[in-house]
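Reading through the structure tokens given below for one structure.
In UniProt numbering, the protein residues as written are 1 to 237.
In structure tokens, the structure reads:
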């Protein structure tokens, strides 16, 4: 079964939206060998990301790189991502840039990543995190009871409205691992995100065989059709 052997999926810039995630979830639920998944600018939105992460959680692949940037994610989508990351400890590179996960979302995700011995790079540029989110990142990794990420090489937090004091705290915590913030608007005010939103209702691979290929745009329709056909024929296993 070719679907089961796929290790690399690049759906960046496909913009299939939340509705398309229903088909994508079918595909992902069978990919137990997947190591790379790029969903950048696919407009999955929160509901689509929930489907994606549930399928990843179910398949339990040895995923090493996961990009969910540019998907209109809020704290709800971030929660789904965090649940998956909490269970999958093989992630080396995680990216959630240009979303709106706010301080709540980044706290959920960083708490899930904290303590990982695999994570090498985490990107959270442009997410309306603010000082509360920045301090939550520091606390999760270096505060009392915090869990460090010993393999971490880079953390990217630009364009999040941090004050100078918060930037100083991040620099003290992460040192050279913190990528320089060139577009940080320290006058932006996102600090109310964590305190206000928390009161709302939000309960919510090392296989290099030649036959394991990458799936690009031209193959997507055929891939989804294959999974759909297998579903209809009850022939997925």
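A virtual CB, placed ideally from N, CA and C, is assigned to each residue, including glycine.
{"query": "Can you give me the C-alpha to C-alpha distance between residue 183 and residue 78, rounded to a whole angstrom?", "result": "23 Å"}
{"query": "For residue 134 and residue 75, I'd like the C-alpha separation in whole angstroms.", "result": "15 Å"}
{"query": "From residue 37 to residue 65, what distance separates their C-alpha atoms?", "result": "6 Å"}
{"query": "Going by DSSP, what residue range makes up the beta strand (DSSP E) through residue 123?", "result": "121-123"}
{"query": "Is it true that the CB of residue 92 sits closer than 9 Å to the CB of residue 51?", "result": "no"}
{"query": "Taking 9 Å as the cut-off, decide whether the C-beta atoms of residue 58 and residue 29 are in contact.", "result": "yes"}
{"query": "Who does residue 154 pair with in a DSSP beta bridge?", "result": "121"}
{"query": "Quick one: does the C-beta of residue 78 sit closer than 8 Å to a heavy atom of the ligand GTP?", "result": "The ligand GTP is not part of the structure shown, which contains no ligands of any sort."}
{"query": "Measuring CB to CB, does residue 112 end up less than 9 Å from residue 152?", "result": "no"}
{"query": "Between the Cα of residue 118 and those of 180, 5, 129, 63, spot the shortest distance and give me the residue it belongs to.", "result": "63"}
{"query": "Hey, residue 34 and residue 71 are a contact pair by Cβ (cut 8 Å); roughly how many whole angstroms apart?", "result": "About 18 Å; that fails the 8 Å criterion."}
{"query": "Between the C-alpha atoms of residue 160 and residue 73, what's the straight-line distance to the nearest angstrom?", "result": "15 Å"}
{"query": "Would you tell me roughly how many angstroms separate the C-alpha atoms of residue 168 and residue 115, rounded to the nearest one?", "result": "23 Å"}
{"query": "Measuring only the C-alpha atoms, how far is residue 149 from residue 131?", "result": "21 Å"}
{"query": "If I'm right that residue 238 touches residue 83 with Cβ under 8 Å, what's the distance once you round it to whole angstroms?", "result": "Residue 238 is absent from the model: the chain starts at 1 and stops at 237."}
{"query": "Helix, strand or coil, according to DSSP, for residue 15 in the structure here?", "result": "coil"}
{"query": "From what residue to what residue does the alpha helix (DSSP H) around residue 63 run?", "result": "Per DSSP, residue 63 belongs to no alpha helix (DSSP H) and is neither H nor E."}
{"query": "Out of 49, 126, 138, state which residue places its alpha-carbon closest to the alpha-carbon of residue 107.", "result": "138"}
{"query": "DSSP on residue 94, reduced to helix/strand/coil?", "result": "strand"}
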